[in-house]
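Enquirer:
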Amino acid sequence: MKVMRKDTIIKKNHVDYMKAERIFSLKLSTLLLFSSATPFSEDQARVYTAEIVSAVSHLHKCGIVHRDLKPENILMNADGHVMLTDFGLAKEIDESSRSNSMCGTTEYMAPEILLSKGHNKDADWWSVGILLFEMLTGQPPFTHANRKKLQEKIIKEKFKLPPFLTSDAHSLLKGLLQKEPSRRLGSGPNGGDEIKSHKWFQSINWNKLEARELQPKFKPDVSGKDCTANFDRCWTAMPADDSPAPTPTAGEHFQGYTYVAPNPWLSSV
3 MKVMRKDTII
13 KKNHVDYMKA
23 ERIFSLKLST
33 LLLFSSATPF
43 SEDQARVYTA
53 EIVSAVSHLH
63 KCGIVHRDLK
73 PENILMNADG
83 HVMLTDFGLA
93 KEIDESSRSN
103 SMCGTTEYMA
113 PEILLSKGHN
123 KDADWWSVGI
133 LLFEMLTGQP
143 PFTHANRKKL
153 QEKIIKEKFK
163 LPPFLTSDAH
173 SLLKGLLQKE
183 PSRRLGSGPN
193 GGDEIKSHKW
203 FQSINWNKLE
213 ARELQPKFKP
223 DVSGKDCTAN
233 FDRCWTAMPA
243 DDSPAPTPTA
253 GEHFQGYTYV
263 APNPWLSSV
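Quick note: the sequence shown uses our numbering, first residue 3, plus one each step.
(1) Judging by CA-CA distance, which residue of L175, E182, L152, W237 is the nearest neighbour of L163?
(2) By the three-class DSSP mapping on this structure, what secondary structure does L178 have?
(3) Determine the DSSP secondary structure at K155, reduced to helix, strand or coil.
(4) Nearest-angstrom Cα distance between P165 and E136?
(5) If distances are taken between C-alpha atoms only, which option among A171, L77, D195 comes closest to K88?
(6) Considering Cα atoms alone, identify which of Y110, E114, G106 is closest to R100.
(7) Could you tell me which residues DSSP pairs with E109 in its beta bridges?
(8) How long is the line joining the alpha carbons of F203 and G193, rounded to whole angstroms?
(9) On the three-state DSSP scale, how would you describe S37?
(10) Are T107 and R149 close, meaning C-beta to C-beta below 7 Å?
(11) Select from F161, C229, P246 the residue whose C-alpha is nearest the C-alpha of T238.
(12) Kindly indicate which residue of V49, D124, A47, F42 has the alpha-carbon position closest to the one of D70.
(13) Quick one: give me the first and last residue of the alpha helix (DSSP H) that M137 is part of.
(14) So for S56, helix, strand or coil by DSSP?
(15) Note down, in chain order, each residue of its chain lying with its Cβ closer than 6 Å to the Cβ of G120, except the 5 sequence neighbours on either side.
(16) Give the DSSP bridge partners of L163, in chain order.
(17) Does the region 173 to 189 come within contact of the region 41 to 50, defined as at least 3 CB pairs closer than 8 Å?
(18) What residue range does the alpha helix (DSSP H) around I197 cover?
(19) Please state whether DSSP places L77 in a helix, a strand or coil.
(20) Around the Cβ of F42, are there at least 16 other Cβ atoms within 10 angstroms (buried) or fewer (exposed)?
Here it is, written out as structure tokens:
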């Protein structure tokens with residue numbers, strides 16, 4: 003993994019192009035739109051959640067917190083495996099520090115972020131719990147049209163566990179959706195390994211999963227690596243405007259600008 007800092011790669015009127023894997027085909031949110039009436043089975047959700055847990059665990063071991071985990075930021079490749087994207091809100095945080103930024107998407111934000119108590123990697127595990135709940139039920143556990151009331155529900159209300167889920171799924175959701183971050187599953191010294199060892203993931207071979215040897219239940223219908231059939235037309239119909247190249251004088255001193263500010267120390271000598 004290579005970490006590139008925005009403050010060093012972005013310049014005015016100039017863009018550095020970065021080549022990324024050209025295999026993304028479908029957003030997890032697209033699947034969830036069709037699944038609100040018929041949510042994922044636990045077997046379907048298990049592999050997706052395991053791949054997300056594996057990716058987030060790797061980020062945390064690298065000292066990075068994602069802070070914006072949501073279906074729109076989880077892409078699926080042509081083989082049906084999921085990948086994390088959009089690291090615009092990601093931050094490098096060590097074990098002893100916390101961030102006080104108010105960031106993320108409200109439905110998936112941890113209570114400690116909304117309360118401005120300071121947050122760390124534990125906030126990502128809350129978001130993973132919200133994602134799992136949404137995959138299994140068709141919607142997040144906390145919803146409201148009014149953002150302020152939604153925030154109050156996340157901070158104060160208990161979520162209801164659907165009776166059709168297994169006891170192991172109940173246990174995992176309860177562990178991930180602990181409002182007190184220090185009690186949240188994954189907050190301990192073993193981090194993501196605490197989640198991987200949960201009974202709900204008992205059937206997952208983590209070595210095979212991380213080697214992409216476990217096949218998901220769903221495989222997108224794509225004709226090739228350049229297929230855009232699963233992309234929204236509002237994006238594929240947009241013109242691909244290029245960014246202007248930097249001028250030869252970019253970054254140099256202004257031409258013909260000769261003013262020099264007076265130095266009070268020199269004038270007094």
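Ideal placement from N, C-alpha and C gives every residue a C-beta, glycine not left out.
Expert: Reading it off the structure:
(1) Your numbering for residue 163 matches position 161 in the sequence shown. Here the closest residue by C-alpha is L175.
(2) In the sequence shown, the residue the question calls residue 178 occupies position 176. In the structure shown, L178 sits in a helix (DSSP, three-state: H, G or I).
(3) As a working note, residue 155 is residue 153 in the sequence shown. Three-state DSSP puts K155 in a helix.
(4) Locating residue 165 in the sequence shown gives position 163, counting from the first residue. Locating residue 136 in the sequence shown gives position 134, counting from the first residue. Cα to Cα, P165 sits roughly 15 Å from E136.
(5) Numbered from its first residue, the sequence shown carries residue 88 at position 86. Note on residue identity: the sequence assigns Asp, not Lys, to residue 88. Ranking A171, L77, D195 by Cα distance to D88 puts L77 first.
(6) Reading the sequence shown from its first residue, position 98 is the one you call residue 100. Cα-wise, what sits closest to R100 is E114.
(7) By 1-based counting over the sequence shown, the position of residue 109 is 107. Looking at the DSSP assignment, E109 forms no beta bridge with any residue, so it has no partner.
(8) Taking the first residue of the sequence shown as 1, we reach residue 203 at position 201. Taking the first residue of the sequence shown as 1, we reach residue 193 at position 191. Cα to Cα, F203 sits roughly 15 Å from G193.
(9) Residue 37 sits at position 35 when you count from the first residue of the sequence shown. Its pLDDT being 49, under 50, S37 is placed unreliably in this model, and the coordinates cannot settle the point.
(10) Counted from its first residue, the sequence shown places residue 107 at position 105. Counted from its first residue, the sequence shown places residue 149 at position 147. Their beta carbons are not under 7 Å apart, which means T107 does not touch R149 by this criterion.
(11) Reading the sequence shown from its first residue, position 236 is the one you call residue 238. Nearest C-alpha to T238: C229.
(12) Here residue 70 is taken as the residue at index 68 of the sequence shown, counted from 1. Among V49, D124, A47, F42, the Cα nearest to that of D70 is on D124.
(13) As a working mapping, residue 137 is identified with position 135 in the sequence shown. Here the alpha helix (DSSP H) through M137 covers 124 to 139.
(14) As a working note, residue 56 is residue 54 in the sequence shown. It is helical.
(15) The sequence position of residue 120 within the sequence shown is 118, counting from 1. Here the set comprises R100, N102.
(16) In the sequence shown, residue 163 corresponds to position 161, counting from 1. DSSP lists no partner for L163.
(17) no
(18) If you number the sequence shown from 1, residue 197 lands on position 195. First-last of the alpha helix (DSSP H) with I197: 194 to 198.
(19) Translated into the one-based positions of the sequence shown, residue 77 becomes position 75. Three-state DSSP puts L77 in a strand.
(20) Position 40 of the sequence shown, counted from the start, is the residue given in the question as residue 42. The residue is buried, with at least 16 neighbouring Cβ atoms inside 10 Å.
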